[in-house]
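Written below as structure tokens is the structure these notes are about.
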Amino acid sequence: MSSNRCVRFAEVLDLVSRKGYEYSCYGERDIWVDNYCTPERSNNRSIMWAKNADALSAIERNKPIGSIVIACEGMKLDLPACGIICCKDPKRVFFNVLDEFWGNNPAPGFGESSIVCTARIGNNVSIGEHCYISPDVEIGNNVIVGNNVTILNHCRINDGCYIHSSVTIGDDGMGMMVGEDGIPNKINQYGGVELGYNVEVYTGAIIMRGAIDDTVIGDNSKIGSRVTVGHNVRIGNNTMIMGSTTICGSVRIADHVYIGTGSILKNQIKVGSGAFIGMGVVADSDIEDGVAVVNSTRPNKRTGAADFLRMCVGIGYRRK
């Protein structure tokens with residue numbers, strides 16, 4: 003990836019220091035970069051991060067000149083023409099550097115084709131093209147809304163949220179009541195949706211309004227692409243719902259939960275704090291705190307599974 007921004011090695015080191023990361027560095031100091039890339043495509047005057055031995059081998063094989071490599075503690079690279087930063091979390095440091103010097107968040111303002119009917123909008127808010135925001139919606143500060151987004155019906159979007167394109171928030175869920183004649187009749191919904199602070203909702207997700215009380219997504223939680231969140235669902239803080247997952251109505255999900263791609267959660271079940279649900283799981287009963295579930299709602303009992311999940315996700319689990 004090429005850019006017009008030139009960044010000196012000294013600027014990168016200054017940023018890493020200001021962020022409070024512990025690091026060591028060696029190699030060439032008097033260099034600057036104007037690119038960022040992966041190890042497999044490492045170029046001259048580029049910045050990259052090496053997460054493992056394969057990445058190191060790719061970088062050494064390409065022999066870039068004048069580049070900056072951010073690597074794990076203890077890694078040694080034979081690249082005398084490059085500057086090397088070694089730290090505990092190279093991925094985090096690398097993306098902090100990219101955000102600082104090459105970040106490209108949209109400027110505040112509303113797209114010309116969007117219809118924004120609410121006046122309750124905070125500072126530094128960006129709304130893309132072809133969006134509709136109803137009059138009863140409230141949006142906090144530093145919020146980004148992508149293109150083709152619909153937000154309706156008493157929704158509250160708190161500070162720092164990022165709503166990607168083609169998301170719908172606040173439409174009715176499928177609440178039905180079957181009459182004596184056997185015909186299903188729609189139950190009108192009267193609640194809304196509340197997104198906590200720093201929530202991120204990815205492309206194509208749908209979050210349905212509550213029937214009476216609001217559907218709630220807790221602070222710092224992430225809702226993946228094409229996820230469906232049914233009415234009355236309550237999701238805790240710091241929880242990750244991966245893409246194409248379906249969460250049926252009135253599910254309760256606690257804090258620090260990870261739900262893998264393509265999972266289905268039956269209506270009205272409860273998922274405990276720190277639980278891990280693997281890809282494609284159909285969860286039809288409650289899951290206790292700290293339990294890991296893969297391929298069924300039976301807790302995973304394999305020796306070492308909890309340690310593996312803790313390593314992958316950074317959440318504590320208990321063995322069953």
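So the number in this note's numbering is just where the residue sits in the sequence shown, counting from 1, plus 2.
Note that the Cβ used here is the ideal one computed from N, Cα and C, for glycine as well.
6 Å CB neighbourhood of aspartate 74 in its chain, flanking five on each side removed
According to the sequence provided, residue 74 is cysteine. The question's aspartate does not apply to it. Excluding positions up to five away in sequence, the list reads Pro92.
Among the residues of its own chain, which have a CB less than 6 Å from the CB of leucine 15, if the five just before and after it don't count?
There are no such residues.
Do valine 284 and valine 296 have their beta-carbon atoms positioned less than 8 Å apart in this structure?
Their beta carbons are not under 8 Å apart, which means valine 296 does not touch valine 284 by this criterion.
In this structure, what does DSSP give as the bridge partners for alanine 57?
In the DSSP output, where bridge partners are listed per residue, alanine 57 has none listed.
The alpha helix (DSSP H) enclosing leucine 15, as first and last residue numbers
11–20
Simplified DSSP state of aspartate 101, which is helix, strand or coil:
helix
Determine contact between the segment 210–221 and the segment 233–244, defined as no fewer than three beta-carbon pairs at a distance below 8 Å.
The segment 210–221 makes contact with the segment 233–244; the number of CB pairs closer than 8 Å reaches 3 or more.
If I measure Cβ to Cβ from serine 136 and keep anything under 6 Å in the same chain, skipping five residues before and after, which residues do I get?
Cys119, Leu154
Given valine 99 as reference, the closest of Val9, Ile67, Arg47 once Cα atoms are compared:
Nearest of Val9, Ile67, Arg47 to valine 99, Cα basis: Val9.
Would you mind sorting glycine 184 into buried or exposed? The rule is 16 or more other CB atoms within 10 Å of its CB.
exposed
My assumption, with CB atoms under 8 Å, is that isoleucine 271 sits in contact with serine 287. Please give the rounded CB distance.
6 Å
Indicate whether the contact test is met: 3 or more Cβ pairs, each with one atom in the segment 45–57 and one in the segment 18–30, closer than 8 Å.
no
Inspect the beta-carbon positions of aspartate 257 and threonine 247 and report whether they are closer than 8 Å.
no
So, with DSSP's three-state summary, where would you put arginine 63?
Arginine 63: helix per DSSP, three-state reduction.
Do you know whose CA, among Cys250, Thr263, Gly251, lies nearest isoleucine 243's CA?
Thr263
According to the Cβ coordinates, are glycine 85 and isoleucine 70 closer than 8 Å?
yes
CB contact flag (isoleucine 323, tyrosine 204, <8 Å)
The structure shown does not extend to residue 323, since the chain is modelled only from 3 to 322, so the question has no answer here.
On a CA-only basis, which of Lys268, Gly162, Gly148 is nearest valine 231? Give me that one, please.
Lys268
Could you tell me the distance, in whole angstroms, from the CA atom of isoleucine 214 to the CA atom of leucine 197?
Straight through space, the alpha carbons of leucine 197 and isoleucine 214 are spaced by roughly 16 Å.
Per-residue burial, tyrosine 192 [other beta carbons within 10 Å of its own, 16 or more giving buried]:
exposed
Short of 6 Å in beta carbon distance, which residues of its chain neighbour glutamate 377, apart from the five on each side in sequence? Order them along the chain.
Past the boundaries of the shown model lies residue 377; the chain is included only from 3 to 322, so the question cannot be answered.
Note down, in chain order, each residue of its chain lying with its Cβ closer than 6 Å to the Cβ of serine 44, except the 5 sequence neighbours on either side.
Excluding positions up to five away in sequence, the list reads Met50, Ile61, Asn64, Pro66.
As assigned by DSSP and simplified to three states, the class of lysine 93
In the structure shown, lysine 93 sits in a helix (DSSP, three-state: H, G or I).
For aspartate 161 and phenylalanine 112, what's the separation of their Cα atoms in angstroms?
17 Å
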